[in-house]
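Report on the structure given below.
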Amino acid sequence: MTSHREKVFADWWGRAHKQVRKEDRKGFNSLVILSSWTLWKHHNTGVFDRVQPCINTIIREFENEKHLWVLAGARSLGALA
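In my numbering, the protein residues as written are 5 to 85.
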């Protein structure tokens, strides 16, 4: 069953996606997925390793992961972020 938060996020993503220029949509989607993935991993570190949330750590993890995604071929992400 889909939670209310999942529905709100999916609705936001769908609306935001339509507002992005067509040539930038692939990069935008990669940016949303990477941001969500980074936040989820950081959340899990807090839950399972009892690490305090830290915005600087999240930003650093995002930048490191973005670099790897671009190296792996996510060129449209590199152009956006």
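All residues carry an ideal CB built from backbone N, CA and C; glycine is no exception. None of these values were measured; they are calculated from a predicted model.
The beta carbon of SER34 sits closer than 6 Å to the beta carbons of ALA78 and LEU81 from its chain, once the five residues preceding and following it are set aside; these are given in chain order. Rounded to whole angstroms, GLU10 and ARG19 show a C-alpha spacing of 14 Å. DSSP, reduced to helix, strand and coil, places SER34 within a helical segment of the structure shown. Assigned with DSSP and collapsed to three states, GLY77 falls in coil, not helix or strand.
Relative to the Cα of ILE62, the nearest Cα in the group SER39, TRP16 and ASP28 belongs to SER39. The C-alpha of ARG54 is placed about 31 Å away from the C-alpha of LEU75.
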